[in-house]
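Undergrad:
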Amino acid sequence: MTQESLYIIASIGLFGIGLYGVIVAPHILRKILAINIMSVGVFMLLVVSASNMNSTPDPVLHAMVLTGIVVAIAGTALALLLAVKIHTLSRDSDKDDH
Amino acid sequence: MFKTPEFKENNHANELPFATRILCATAIGALGLGLIFALILSENISSSLPALVQQNLTQSGVQNPVTAVLLNFRSYDTLLEIGVLLTVAIAMLPNSNFNSDINPHMPGGSRLVSVVNSAPVNPPLEALLRWLIPMIIVMAGYMLWTGAALPGGAFQSGALLAGAGVLAQLSGRLQFCFTSTTAKLLLTIGLITFVMVAVGVATTTGVILQYPLELAAPLILLIETAATLSIAAILLLSYNTLATQTFESSSEPSVFDKQPSALSETSAPNETLQSQTAEGPKP
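Sequence lines, in order, name chains U and B. Heads up: the first sequence begins at 41 in the working numbering, then just goes up one per residue. Heads up: the second sequence begins at 1309 in the working numbering, then just goes up one per residue.
(1) With a Cβ-Cβ cutoff of 8 Å, do I1390 (chain B) and G1498 (chain B) count as a contact?
(2) Note down, in chain order, each residue of its chain lying with its Cβ closer than 6 Å to the Cβ of L1545 (chain B), except the 5 sequence neighbours on either side.
(3) Excluding the 5 residues flanking G58 (chain U) on each side, which residues of the same chain have their C-beta closer than 8 Å to its C-beta?
(4) On the three-state DSSP scale, how would you describe K125 (chain U)?
(5) For K71 (chain U), count neighbouring Cβ atoms within 10 angstroms of its own Cβ and tell me buried if that reaches 16, exposed if not.
(6) How many angstroms separate the CA atom of A1335 (chain B) from the CA atom of L85 (chain U)?
(7) Within 10 angstroms of the Cβ of N1548 (chain B), are there 16 or more other Cβ atoms? Answer buried if so, exposed if not.
(8) Compute the distance between the beta-carbons of V105 (chain U) and V87 (chain U), then report whether it is under 8 Å.
(9) I think A1534 (chain B) touches T1501 (chain B), with their Cβ atoms under 8 Å apart; what is that distance to the nearest whole Å?
(10) Mind pulling the chain U residues with CB within less than 8 Å of C1332 (chain B)?
(11) Write down the C-beta distance between A1427 (chain B) and G1473 (chain B) rounded to the nearest angstrom, noting that I regard them as a contact closer than 8 Å.
(12) Starting from R1382 (chain B), find everything on chain U with Cβ-Cβ shorter than 8 Å and list it in chain order.
(13) From the DSSP output, in three-state form, read off N1396 (chain B) for me.
(14) For L46 (chain U), does the count of other Cβ atoms within 10 angstroms reach 16, so buried, or fall short, so exposed?
(15) On a CA-only basis, which of B:L1394, B:Q1477, B:L1339 and B:A1457 is nearest L1493 (chain B)? Give me that one, please.
(16) Just to confirm my understanding: we take L1420 (chain B), look at its own chain, exclude 5 residues before and 5 after, and list those with CB closer than 8 Å. What are they?
(17) Measure from the alpha carbon of T96 (chain U) to the alpha carbon of each residue in B:Q1367, B:L1360 and B:T1366, then state which is nearest.
(18) To the nearest angstrom, report how far apart Y60 (chain U) and W1439 (chain B) are at their CA atoms.
(19) Could you name the residues of the same chain whose beta carbon sits closer than 7 Å to that of A65 (chain U), not counting the 5 residues immediately before and after it, in chain order?
(20) Hey, how far is the Cα of L1469 (chain B) from the Cα of Y1450 (chain B)?
(21) Starting from I75 (chain U), find everything on chain B with Cβ-Cβ shorter than 8 Å and list it in chain order.
(22) Chain B partners of A112 (chain U), CB-CB under 7 Å?
(23) Step through the CB atoms of chain B and report whether any lies within less than 8 Å of the CB of I49 (chain U).
(24) Chain B partners of S45 (chain U), CB-CB under 9 Å?
(25) Give a yes or no on whether the C-beta atoms belonging to G1369 (chain B) and I1531 (chain B) are separated by under 8 Å.
(26) Kindly list the residues whose CB is nearer than 8 Å to the CB of S1538 (chain B), restricted to its own chain and excluding five residues on each side of it in sequence; keep chain order.
(27) Compute the beta-carbon to beta-carbon distance between Y107 (chain U) and T1511 (chain B), rounded to the nearest angstrom, for a pair I have assumed lies under 8 Å.
(28) How about A1457 (chain B) and N1372 (chain B): do their beta carbons lie closer than 8 Å?
(29) For the region 1432 to 1503 of chain B, list the alpha helix (DSSP H) runs that are entirely contained and at least 4 residues long, ordered along the chain.
(30) Tell me, which residues are paired with S1422 (chain B) by DSSP?
(31) Which residues in chain B have a C-beta closer than 9 Å to the C-beta of V82 (chain U)? List them in chain order.
(32) Can you tell me where the alpha helix (DSSP H) holding A1535 (chain B) begins and where it ends?
(33) Just the C-alpha distance for L54 (chain U) and H127 (chain U), rounded to the nearest angstrom, thanks.
(34) Please look up how many angstroms separate the CB atoms of A117 (chain U) and L1550 (chain B), rounded, as I've assumed it's under 8 Å.
(35) Do we get a CB-CB distance below 8 Å when we pair A117 (chain U) with the residues of chain B?
Pasting the structure below:
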């Protein structure tokens, strides 16, 4: 059991927790958070594999993680905005029904 | 398997049945175990990319290999990423509080930053912010500059600047309006500069985004400065939009049903603030 395998287990664990949350959690905010946990797991795996190839970390993977974090933030913001829209519109349709 | 997303908590009817959840957990656990064993037992895949980056680092114009990859070797990625950010900004803009929901004294769409004089005074908070915000701005400038040689760069710097903006907005003293011309310029300047540089260098080197050797360092600094401003503005716009979404009580018509011109006349600012603090997303 090396240090790297510990990090690999942790990152896959985070990915699994996120995947479970996306499927099972009923609340849309929990789903968005679960997708974020999934992406954190993927970033962690990328950082680990950047470290174990050479004595110096792989800068290509680090750049990829940096890009990924920014895109994940943008995606989360968009998802939250859509969640607000779903909330508003579904409440309005509820009102029309009754 | 997927149910309609719900907003109501404490509603067990929306949860998946127990057996389905156990099945999901088992399947994901098996997938995870398989991935772990595959990754641990696999040979270390040696990549030629780190060596390639080290060899060509002197031609990139910067000393930090991550910055060299981001803005020189794979600058297409960064260009598209700023495009993604701008797309999110465009999605955010129609929903931002360009009307005087929160600050009724601000004429909508005139200036990027306006001071709210009617905000309740909180002396310790203001004294802290008067120190913190200039320091964060200086720190962001340092992060931008140091990205050439050490960890840092446009994204870190932009995140710091956006943090300063969030602090200023949380204090209640400053109000941002992202439909002003200055704001639109800030939101787009990153992509505009990047595309102009990409096309401009193609006239000399013949290849899009391949910088001339002697101009690589100043061009990267130019792109990073513009990208920092855009990233900070887009992150702050996203925060601003999401934090000021209002969830009125069910007796009131939705804010999205009204025309934007009618919005400022009908919604009293106090009610909006109260309903926001009661039900709105906590920053």
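We put the beta carbon where it would ideally sit given N, CA and C, even for glycine. Bear in mind that the values here come from a model prediction, so they are computed numbers and not experimental data.
TA: Reading it off the structure:
(1) yes
(2) If we look at L1545 (chain B) and ignore the five residues flanking it on each side, its Cβ neighbours are A1397, M1400 and F1486.
(3) A74, I75, N76, I77, M78, S79, V80 and G81
(4) Correct three-state label for K125 (chain U): helix.
(5) When all chains shown are included, K71 (chain U) counts as buried.
(6) Taking C-alpha positions only, A1335 (chain B) is separated from L85 (chain U) by approximately 21 Å.
(7) N1548 (chain B) is buried by the Cβ-count criterion.
(8) yes
(9) 4 Å
(10) Y60, I63 and V64
(11) Actually they are not in contact, since the Cβ atoms of A1427 (chain B) and G1473 (chain B) sit about 16 Å apart, beyond 8 Å.
(12) Per Cβ cutoff of 8 Å: V100 and A103.
(13) Reading the sequence as shown, one finds Val at residue 1396 (chain B) and not Asn. In this structure, V1396 (chain B) counts as helix in the three-state DSSP scheme.
(14) exposed
(15) It is B:L1394.
(16) The answer, listed in chain order, is F1484, C1485, F1486, S1488, T1490, A1491 and L1494.
(17) B:L1360
(18) 44 Å
(19) K71 and A74
(20) 12 Å
(21) Correct list: empty, because the minimum Cβ distance to chain B is about 12 Å.
(22) Chain B residues near A112 (chain U): none, gap ~10 Å exceeds 7 Å.
(23) yes
(24) I1344, L1347 and I1348
(25) Cβ atoms of G1369 (chain B) and I1531 (chain B): not closer than 8 Å.
(26) I1390, L1393, L1394, G1466, L1494, L1495, T1496, I1497, G1498 and L1499
(27) For clarity, residue 107 (chain U) is Thr in the given sequence; the question names Tyr instead. Actually they do not touch by this definition, with Cβ atoms about 27 Å apart.
(28) yes
(29) 1462 to 1478
(30) B:Q1483
(31) Neighbours of V82 (chain U) on chain B: none; closest Cβ ~11 Å, over 9 Å.
(32) A1524 to A1551
(33) 28 Å
(34) 7 Å
(35) Closer than 8 Å to some Cβ of chain B, the Cβ of A117 (chain U) qualifies, so yes.
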